[in-house]
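Take a look at the structure set out below.
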Amino acid sequence: MSVCLSVNLNAVAQLRNRRDLPWPSVVGLGRICLEAGAHGLTVHPRPDQRHTRFSDLPDLRALIDDEFPEAEFNVEGYPTEEFLALVEANQPEQVTLVPDDPSQATSDHGWDFVANHNFLTPIVARLKKGGMRVSLFADADPSQVQAAKETGADRIELYTGPYGGTHDDPVAAAAEIERLGATADAALALGLGVNAGHDLTVANLPPLVARIPELAEVSIGHGFTADALEFGMAETTRRFLAACGHVSA
Ligand SMILES: CC(=O)[C@@H](O)[C@H](O)COP(=O)(O)O
Ligand SMILES: NCC(=O)COP(=O)(O)O
Numbered sequence: 001m002s003v004c005l006s007v008n009l010n011a012v013a014q015l016r017n018r019r020d021l022p023w024p025s026v027v028g029l030g031r032i033c034l035e036a037g038a039h040g041l042t043v044h045p046r047p048d049q050r051h052t053r054f055s056d057l058p059d060l061r062a063l064i065d066d067e068f069p070e071a072e073f074n075v076e077g078y079p080t081e082e083f084l085a086l087v088e089a090n091q092p093e094q095v096t097l098v099p100d101d102p103s104q105a106t107s108d109h110g111w112d113f114v115a116n117h118n119f120l121t122p123i124v125a126r127l128k129k130g131g132m133r134v135s136l137f138a139d140a141d142p143s144q145v146q147a148a149k150e151t152g153a154d155r156i157e158l159y160t161g162p163y164g165g166t167h168d169d170p171v172a173a174a175a176e177i178e179r180l181g182a183t184a185d186a187a188l189a190l191g192l193g194v195n196a197g198h199d200l201t202v203a204n205l206p207p208l209v210a211r212i213p214e215l216a217e218v219s220i221g222h223g224f225t226a227d228a229l230e231f232g233m234a235e236t237t238r239r240f241l242a243a244c245g246h247v248s249a
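Here our numbering is used: position 27 in the sequence shown is 27, and no number is missing along the way.
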């Protein structure tokens, strides 16, 4: 039982954007993830480019094409004409459409597929015609799944933010897993693939995968980057101490 891991580089890009300097390098850290065995890279460019810049996309596309041709590029975002042109120019293997308002700090809900049927259906068809797999960000709500299927999408991505928010409450976590599981069951029964993402961690991922063993892919950024900092801090302290002239024991 294993699920593909796509590392979301938005948090790395946001850190880079604090300065007019090229580090941390989105491409360089993406390379480290792929060398370590990650199955893909995810970015979520927003109109203000506060995380991923539009110019990151060709660089990440080239990284995958030139060095990791088995890996998948997943680009997430709200389907404005600008976003659609961006993905068409960079040909990610998967596009994940998210109902983000530009003013949102982060993604916090899935699509209302019934209300957005006429909006999403031609966009899904356009992206699929362009050779990209299409996944749609979805709340844990089995009653929405039939309408998701009717858009023509290939997959849904379960929005796991509410599950991530239950990290200190096992009863609430179990209830969220059941809601996510029931939504996945309904989607799988209709032939939709199922991805998941938002606020996933090393701690909360195993119970989710146990309930939904058919999960195709998880995309993880915030918790992943937090772990990378935590587990890299000691080594980095040693490197800087050496640069300060301290001889290691
Ligand atoms: C759709 C989704 O849940 C993620 O793309 C999330 O929006 C990550 O983006 P940020 O890290 O920029 O919040
Ligand atoms: N699609 C979800 C994603 O890419 C990462 O979300 P998060 O781990 O940064 O919350």
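Using N, Cα and C, we set each Cβ at its ideal position, and we do this for glycine too.
Heavy atom of ligand 1 within 8 Å of residue i beta-carbon
i	result
D56	no
N116	no
Q94	no
F16	Residue 16 is actually Arg in this sequence, not Phe. No.
H44	yes
T106	yes
E217	no
D100	yes
F83	no
F137	yes
H51	yes
E157	yes
E176	no
N204	no
G161	yes
N10	yes
E214	no
E76	yes
For residue i, the three-state DSSP class (helix, strand or coil)
i	result
G193	strand
E157	strand
V218	strand
Q49	coil
L5	strand
F54	coil
G130	coil
E76	strand
Q104	coil
R97	Before going further, note that residue 97 is Leu rather than Arg in the sequence given. L97: strand per DSSP, three-state reduction.
R16	helix
D185	helix
D168	coil
H117	helix
G223	helix
D199	coil
L28	It should be noted that the sequence gives Gly, not Leu, for residue 28. In this structure, G28 counts as helix in the three-state DSSP scheme.
Candidates the options: closest to residue i by CA position
i	options	result
G40	R155, Q94 and V124	Q94
E169	G152, A105, N204 and G232	The sequence given here has Asp at residue 169, not Glu. The shortest Cα separation from D169 among G152, A105, N204 and G232 belongs to N204.
A196	D227, E70, P162 and P69	P162
I123	A140, P69, S103 and V98	V98
L142	S55, H167, A182 and R53	One point to set straight first is that residue 142 is Pro, not Leu, in the sequence displayed. Checked all of S55, H167, A182 and R53; the closest Cα to P142 is A182.
T80	H109, D101 and D65	D101
D113	G130, Q146, E217 and F231	A small correction: the amino acid at residue 113 is Phe; Asp does not occupy that position in the sequence shown. Of the candidates G130, Q146, E217 and F231, the one whose C-alpha sits nearest the C-alpha of F113 is Q146.
T106	A243, L190, L21 and T52	T52
N116	Q104, L180, A138 and G164	A138
L57	Q91, D185 and M233	Q91
S219	R179, A189, I156 and E230	I156
V87	T166, A243, T236 and R133	R133
A38	D48, F68, P45 and P47	F68
P45	L120, V26, D66 and K128	V26
S76	V202, A172 and S6	For clarity, residue 76 is Glu in the given sequence; the question names Ser instead. Closest option to E76, Cα to Cα, is S6.
G152	R179, W111, K128 and L180	K128
A71	N17, P47 and E35	E35
A216	R126, Q104 and N74	N74
E214	A148, L200 and L192	L192
Residue(s) in a DSSP beta bridge with residue i
i	result
A138	L158
G43	Per the sequence shown, the amino acid found at residue 43 is Val instead of Gly. Answer by DSSP bridge pairing, in chain order: V75.
Proximity test, Cβ basis, 9 Å: residue i and chain D
i	result
E230	Reference to chain D is not applicable here, since this structure consists of a single protein chain.
Cβ-heavy atom distance, residue i to ligand 3, below 8 Å
i	result
E72	Looking at this structure, you won't find ligand 3 anywhere; what it does contain is ligand 1 and ligand 2.
Open item on the list: Give me the pocket residues for ligand 2, defined as CB within less than 5 Å of any heavy atom, sorted by chain position.
Closed with: Per the CB criterion, closer than 5 Å to any heavy atom of ligand 2, the qualifying residues run in chain order as N8, T42, G197, H198, D199, S219, I220, G221 and H222.
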